[in-house]
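K.L.:
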């Protein structure tokens with residue numbers, strides 16, 4: 009028995025087996041329970057140690073050889089898997105409420121398994137192939153047989169695919185840098201190509217225009233899932249890169265580039281969000297700003313930056329899950345997601361409206377909500393090294409708040425007198441209610457997730473020390 | 059520990075009432091339950107005196123390497139004065155609700171009890187992180203309650219504007235934290251770095267709750283008087299505590315003189331508008347501006363005890379006036395205790411208001427005294443307008459007997475805080491300025507019937523169609539907003555259009571070039 013079989017191959021096979029199932033509730037429950045089990049196992053089952061079950065002795069190896077390549081899941085990566093599969097279970101449990109479980113659960117599980125594989129594969133170059141496969145599988149997730157794919161989907165596919173040659177080329181160049189460390193030109197070239205690859209993958213400014221387009225034309229719940237899993241896995245993969253190459257880790261230009269990109273994404277994401285008239289596009293820019301926060305965390309001293317980066321992940325997962333589910337519910341009840349069509353929806357779908365507002369406020373960094381502790385720590389750490397950087401982060405945060413307030417004002421303003429009536433079904437209300445409670449717990453007690461996060465920095469040999 | 063007993067009593071009562079509302083909608087003793095809970099909480103505040111100062115910490119935020127502070131509460135003299143003021147208002151609002159048209163209104167009592175619980179926690183916050191969390195909780199509670207009570211959905215926008223203006227205060231407090239961090243300090247109330255004090259004052263002023271000028275209850279004066287009073291006073295108290303926590307030496311900055319002048323101007327404006335307000339509810343925002351400015355001025359002049367005194371006067375003296383809605387001779391006489399409360403005369407609640415230990419910014423004192431005189435005159439005029447109050451006669455006998463207790467409890471607390479319990483008690487203070495303000499008040503009262511300019515203006519909150527000054531400001535902001543939106547939309551359209559990929563790559567190259575030029 010080995011870890012890659014349990015956390016990569018088994019979910020992938022299970023996902024294929026789920027495909028013929030046509031019952032929303034069964035799919036949602038089976039997918040949710042299965043991923044919870046994977047998460048619990050990742051957190052509690054020790055790897056590379058003999059596990060005694062009565063007379064039976066079991067040892068979970070950390071690697072698996074396939075076609076001369078290796079999939080390696082180290083014992084330190086257990087909490088990361090728990091986090092990824094735990095967050096995936098949130099989406100799967102919410103899939104029935106969003107009425108998207110039929111395609112979402114099997115394909116979503118397959119995408120998750122592939123993204124885990126991208127983190128685990130050795131040599132790391134092959135991660136690009138896993139990511140590309142995941143992106144290709146994501147296309148049927150966000151398209152429909154009934155209508156031709158929109159511009160956003162095509163743009164998504166183009167940008168994510170363009171990342172692959174960049175990562176592969178950088179891998180080839182990096183092998184040369186390892187062979188001749190003194191060759192600065194080669195190092196600069198490989199860093200530039202690598203940066204470009206990650207810029208495409210993480211949708212760094214100005215390569216993020218597919219995100220708002222995708223949210224305009226595709227189901228918000230599935231897009232929300234992609235906006236969580238793709239950047240999260242890519243960031244972990246990217247941190248692995250930084251950890252591996254000391255010349256990259258210690259380069260001041262690299263730190264400046266990360267900080268500049270992070271601030272640019274945060275400020276532009278926030279600013280654009282503040283001027284949108286479409287609640288889906290506001291979520292898109294909110295997720296762009298989230299990636300900006302993560303890049304900013306990476307630009308800090310790793311002793312502070314890496315714990316902050318991991319602190320950002322649970323809040324991002326929960327915030328996006330609540331946000332996209334609320335959007336899906338509101339979209340069901342209005343002609344479109346434009347402001348003119350969702351005016352006064354707070355009185356028609358109060359729980360979804362509250363979920364939308366709170367998730368958006370959490371992304372902005374409103375105190376009490378999940379996003380706040382990580383943003384506070386990040387802002388504080390950034391201010392200690394650069395007050396100008398902290399100022400621009402403040403600009404981004406204020407703009408995100410402005411977007412939240414506009415959205416809240418529009419949702420609460422109706423043209424005529426209307427009573428309060430909760431039209432969400434019990435499942436939608438339950439899922440949103442639990443999500444909202446989760447946001448408050450994360451906001452008030454960030455130490456609650458330290459159970460998962462405390463040991464995560466140790467998965468990086470240099471950055472985690 | 060007593061902090062949590064008080065808060066627990068308030069929140070558990072609110073929770074109990076909420077449960078009753080769903081389980082037993084016809085429960086007849088909701089008012090008695092609410093009053094009982096509020097009364098026990100009020101009594102429990104006095105027990106704080108047995109063990110002050112007392113500090114209570116919540117579990118540490120982790121990882122400790124990234125969080126330099128964790129939630130912490132402190133019960134000291136200043137927090138006690140604020141907590142007593144806030145719980146007194148809560149008790150009084152619930153007791154006096156028996157005389158209002160919307161009685162019984164369990165939902166508004168639940169709101170008041172919850173807000174008070176959070177308010178008590180806020181006034182005991184011992185670091186900015188705790189205060190920020192509690193401000194956020196108060197803001198969310200306020201917004202939810204207001205949204206629920208606003209019948210006309212068009213007015214919901216005002217609720218959101220009010221929420222946004224308060225959140226701006228939170229962001230400024232957080233920015234003070236960042237400024238401190240950039241200088242290598244951890245922002246702490248006991249020793250804030252020199253540049254941070256100014257941001258704390260601005261944050262507190264922004265959160266006073268005067269924006270938007272009027273709460274969205276145009277047609278519901280019962281809510282404005284009861285729940286609205288609790289809302290305004292408790293949220294003001296939770297904001298003003300920050301002024302009382304600023305040590306005198308941390309407000310020295312290059313912009314302090316400018317800020318002091320602005321505060322004096324705000325005090326004069328608020329006091330003038332209060333003096334000319336057609337009724338006490340219409341004038342309430344100006345009362346907050348006027349007395350809030352006096353509190354801010356005290357903080358700027360290095361007198362946190364004075365800031366506490368003015369803040370408690372704002373809550374209690376304002377509270378008693380706004381809650382007094384019944385026509386009665388004893389009420390008119392009793393309300394004069396409130397006048398004593400804001401007089402700054404020896405042994406009054408505000409006796410320490412004019413003390414200036416640092417001796418700075420003396421040039422604004424005449425303006426501030428003039429503002430105080432107008433506030434006193436306005437208070438006197440509003441308290442003696444019995445004709446504007448509703449008659450008591452058609453109330454049930456028990457309500458007639460119970461209602462005055464709500465007013466008495468506030469009057470008692472105003473007197474009590476002048477003599478007992480915190481650092482500002484039994485003060486003679488700068489009595490000369492108090493006496494000057496009192497004489498000026500008499501002069502203004504003498505002039506009111508003789509000078510037309512001093513007569514009340516009509517209630518402008520009912521003017522919805524006229525183009526007012528704030529409307530012009532909003533329109534200008536809106537025009538600028540639309541211009542920026544057009545610009546950003548044009549940029550988005552270019553990137554998302556048919557040739558978007560080429561434009562995106564072009565911009566990417568442009569940014570890489572700019573960055574590579576700028577990078578060292």
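Protein chains in written order, with the numbering used here: chain B, 9 to 473; chain F, 59 to 578.
Cβ atoms here follow ideal geometry from the backbone N, Cα and C, with glycine treated the same way.
Apart from the five residues just before and just after residue 118 of chain F, which ones in its own chain have a Cβ nearer than 6 Å to its Cβ?
P.N.:
Position 60 of the second chain, counted from the start, is the residue given in the question as residue 118 of chain F. Closer than 6 Å at Cβ, skipping near neighbours: 128.
K.L.:
For residue 350 of chain B and residue 230 of chain B, I'd like the C-alpha separation in whole angstroms.
P.N.:
For the purposes of this step, residue 350 of chain B is taken as residue 342 along the first chain, with counting starting at 1. For the purposes of this step, residue 230 of chain B is taken as residue 222 along the first chain, with counting starting at 1. If I take the Cα positions, the gap works out to 21 Å.
K.L.:
Just to check my reading of the structure: residue 131 of chain F and residue 113 of chain F have Cβ atoms closer than 8 Å, yes? What is that Cβ distance to the nearest angstrom?
P.N.:
Position 73 of the second chain holds residue 131 of chain F. Position 55 of the second chain holds residue 113 of chain F. So it is a contact: roughly 7 Å between Cβ atoms.
K.L.:
On a CA-only basis, which of B/210, B/215, B/108 and B/199 is nearest residue 227 of chain B? Give me that one, please.
P.N.:
Numbered from its first residue, the first chain carries residue 227 of chain B at position 219. Nearest of B/210, B/215, B/108 and B/199 to residue 227 of chain B, Cα basis: B/108.
K.L.:
To the nearest angstrom, report how far apart residue 417 of chain B and residue 218 of chain F are at their CA atoms.
P.N.:
Counted from its first residue, the first chain places residue 417 of chain B at position 409. Counted from its first residue, the second chain places residue 218 of chain F at position 160. The alpha-carbon atoms of residue 417 of chain B and residue 218 of chain F are separated by roughly 6 Å.
K.L.:
Under the DSSP definition of a beta bridge, which residues are partnered with residue 69 of chain B?
P.N.:
Locating residue 69 of chain B in the first chain gives position 61, where the first residue counts as 1. BP columns for residue 69 of chain B point to B/10.
K.L.:
The alpha helix (DSSP H) that contains residue 51 of chain B, what's its start and end?
P.N.:
Position 43 of the first chain, counting from 1, holds the residue named residue 51 of chain B. Taken as a continuous stretch (DSSP letters only), the alpha helix (DSSP H) holding residue 51 of chain B covers 32 to 52.
K.L.:
Using the Cα positions of residue 59 of chain B and residue 303 of chain B, report the straight-line distance between them to the nearest angstrom.
P.N.:
The residue you call residue 59 of chain B lines up with position 51 of the first chain. The residue you call residue 303 of chain B lines up with position 295 of the first chain. One C-alpha to the other measures close to 39 Å.
K.L.:
The alpha helix (DSSP H) with residue 249 of chain F in it runs from where to where?
P.N.:
Reading the second chain from its first residue, position 191 is the one you call residue 249 of chain F. Premise fails: residue 249 of chain F is in no alpha helix (DSSP H) and is neither H nor E.
K.L.:
For residue 331 of chain B, which residues in the same chain have their Cβ closer than 6 Å to its Cβ, ignoring the five residues on either side in sequence?
P.N.:
The residue given as residue 331 of chain B occupies position 323 in the first chain. Contacts found: 291 and 367.
K.L.:
May I ask you to report which of helix, strand or coil DSSP gives residue 258 of chain F?
P.N.:
Numbered from its first residue, the second chain carries residue 258 of chain F at position 200. Looking at residue 258 of chain F - three-state DSSP - the assignment turns out to be helix.
K.L.:
Leaving out five residues on either side along the sequence, give the residues of the same chain with a beta carbon under 6 Å from the beta carbon of residue 106 of chain F.
P.N.:
What you label residue 106 of chain F is simply residue 48 of the second chain in a count that begins at 1. 60, 133 and 138.
K.L.:
Roughly how many angstroms separate the alpha carbons of residue 346 of chain B and residue 414 of chain B, rounded to a whole number?
P.N.:
As a working mapping, residue 346 of chain B is identified with position 338 in the first chain. As a working mapping, residue 414 of chain B is identified with position 406 in the first chain. For residue 346 of chain B and residue 414 of chain B, the distance between alpha carbons rounds to 12 Å.
K.L.:
Quick one: measure Cβ to Cβ for residue 98 of chain B and residue 323 of chain B, integer angstroms, because I've assumed they're closer than 8 Å.
P.N.:
Start at 1 with the first residue of the first chain, and residue 98 of chain B comes out as number 90. Start at 1 with the first residue of the first chain, and residue 323 of chain B comes out as number 315. No, residue 98 of chain B and residue 323 of chain B are not in contact; Cβ-Cβ is about 12 Å, not under 8 Å.
K.L.:
If you draw a straight line from the alpha carbon of residue 246 of chain F to that of residue 184 of chain F, how long is it in whole angstroms?
P.N.:
Counting from 1 along the second chain, the entry for residue 246 of chain F is found at position 188. Counting from 1 along the second chain, the entry for residue 184 of chain F is found at position 126. Their Cα atoms are separated by approximately 8 Å.
K.L.:
Is the CB of residue 312 of chain B under 8 Å away from at least one CB in chain F?
P.N.:
Along the first chain, one-based indexing puts residue 312 of chain B at 304. It does: the Cβ of residue 312 of chain B has a partner Cβ on chain F nearer than 8 Å.
K.L.:
Would you kindly report the start and end of the unbroken beta strand (DSSP E) that includes residue 308 of chain F?
P.N.:
Residue numbering aside, residue 308 of chain F sits at position 250 when the second chain is read from its first letter. Looking at the DSSP string, residue 308 of chain F is not in any beta strand (DSSP E), and its letter there is neither H nor E.
K.L.:
In the region 172 to 186 of chain F, which residues sit with their C-beta less than 9 Å from some C-beta in chain B, listed in chain order?
P.N.:
Per Cβ criterion, the list is empty.
K.L.:
For a minimum of 4 consecutive residues, which ranges assigned as the alpha helix (DSSP H) are wholly contained in the region 84 to 131 of chain F?
P.N.:
Correct list: 88 to 105.
K.L.:
Any beta-carbon of chain B closer than 8 Å to the one on residue 3 of chain F?
P.N.:
What the structure shows of chain F is the stretch from 59 to 578, and residue 3 of chain F is not part of that stretch, so it cannot be assessed.
K.L.:
Using the rule of at least 16 other Cβ atoms within 10 Å of the residue's Cβ for burial, across every protein chain shown, is residue 532 of chain F buried or exposed?
P.N.:
Counting from one through the second chain, the residue named residue 532 of chain F turns up at place 474. Residue 532 of chain F comes out exposed.
K.L.:
Compare the C-beta of residue 172 of chain B against all C-beta atoms of chain F and say whether one is closer than 8 Å.
P.N.:
For the purposes of this step, residue 172 of chain B is taken as residue 164 along the first chain, with counting starting at 1. Taking Cβ atoms only, chain F never reaches closer than 8 Å to residue 172 of chain B, which makes this a no.
K.L.:
Return the Cβ separation of residue 10 of chain B and residue 71 of chain B in integer angstroms, given the expectation that the two are a contact with Cβ distance under 8 Å.
P.N.:
Here residue 10 of chain B refers to the residue found at position 2 when the first chain is read from its first residue. Here residue 71 of chain B refers to the residue found at position 63 when the first chain is read from its first residue. Contact holds; Cβ gap of about 6 Å.
K.L.:
Given 8 Å as the limit, is there contact between the region 71 to 91 of chain B and the region 43 to 55 of chain B, that is, 3 or more CB pairs closer than that?
P.N.:
Contact between the region 71 to 91 of chain B and the region 43 to 55 of chain B is present, because at least three Cβ pairs lie under 8 Å.
K.L.:
Given that residue 194 of chain F touches chain B, what residues does it touch there, using C-beta distances under 7 Å?
P.N.:
Here residue 194 of chain F refers to the residue found at position 136 when the second chain is read from its first residue. Within chain B, the residues near residue 194 of chain F are 374, 375 and 376.
K.L.:
Give a single yes or no on whether residue 261 of chain B has its beta carbon closer than 7 Å to a heavy atom of the ligand GDP.
P.N.:
In terms of ligand content, the structure shown is empty, and the ligand GDP therefore cannot be addressed.
K.L.:
My understanding is that residue 143 of chain F touches residue 374 of chain F, with C-beta atoms under 8 Å, so please give their C-beta distance in whole angstroms.
P.N.:
Along the second chain, read from residue 1 onward, the residue named residue 143 of chain F stands at position 85. Along the second chain, read from residue 1 onward, the residue named residue 374 of chain F stands at position 316. Yes, residue 143 of chain F and residue 374 of chain F are in contact; Cβ-Cβ is about 5 Å, under 8 Å.
K.L.:
Around the C-beta of residue 339 of chain B, are 16 or more other C-beta atoms found within 10 angstroms, so that it is buried, or is it exposed?
P.N.:
Locating residue 339 of chain B in the first chain gives position 331, counting from the first residue. Counting Cβ neighbours within 10 Å, residue 339 of chain B comes out buried, since at least 16 surround it.
K.L.:
Report the residue from B/248, B/173 and B/294 whose alpha carbon sits nearest the alpha carbon of residue 365 of chain B.
P.N.:
Taking the first chain and counting its residues from 1, the one referred to as residue 365 of chain B is at position 357. When only C-alpha atoms are compared, the closest one is B/294.
K.L.:
Going along the region 218 to 240 of chain F in order, which residues come within less than 9 Å of chain B, judged by CB to CB distance?
P.N.:
Those would be 218, 219, 221, 222, 225, 226, 228, 229, 232, 233, 235, 236, 237, 238, 239 and 240, in chain order.
K.L.:
Grab the span of the beta strand (DSSP E) containing residue 61 of chain B for me, first residue to last.
P.N.:
Within the first chain, residue 61 of chain B is the residue found at index 53, counting from 1. 58 to 61 is the span of the beta strand (DSSP E), which, as asked, contains residue 61 of chain B.
K.L.:
Using the three-state DSSP reduction, which class does residue 77 of chain B fall into: helix, strand or coil?
P.N.:
Along the first chain, read from residue 1 onward, the residue named residue 77 of chain B stands at position 69. Strand at residue 77 of chain B.
K.L.:
Could you check where the alpha helix (DSSP H) with residue 190 of chain B kicks off and where it finishes?
P.N.:
In the first chain, counting from the first residue as 1, residue 190 of chain B sits at position 182. Counting along the chain, residue 190 of chain B falls outside any alpha helix (DSSP H), and DSSP gives it neither H nor E.
K.L.:
Looking at the C-beta of residue 273 of chain B, does it have a partner C-beta in chain F at a distance below 8 Å?
P.N.:
Start at 1 with the first residue of the first chain, and residue 273 of chain B comes out as number 265. Output row for residue 273 of chain B: interface = no.
K.L.:
Can you find a C-beta in chain F that's less than 8 Å from the C-beta of residue 316 of chain B?
P.N.:
Translated into the one-based positions of the first chain, residue 316 of chain B becomes position 308. Chain F contact via Cβ: present.
K.L.:
Comparing C-alpha positions only, which one of F/410, F/540 and F/63 sits nearest to residue 362 of chain F?
P.N.:
Translated into positions along the second chain, residue 362 of chain F becomes position 304. For the residues F/410, F/540 and F/63, the minimum Cα distance to residue 362 of chain F belongs to F/410.
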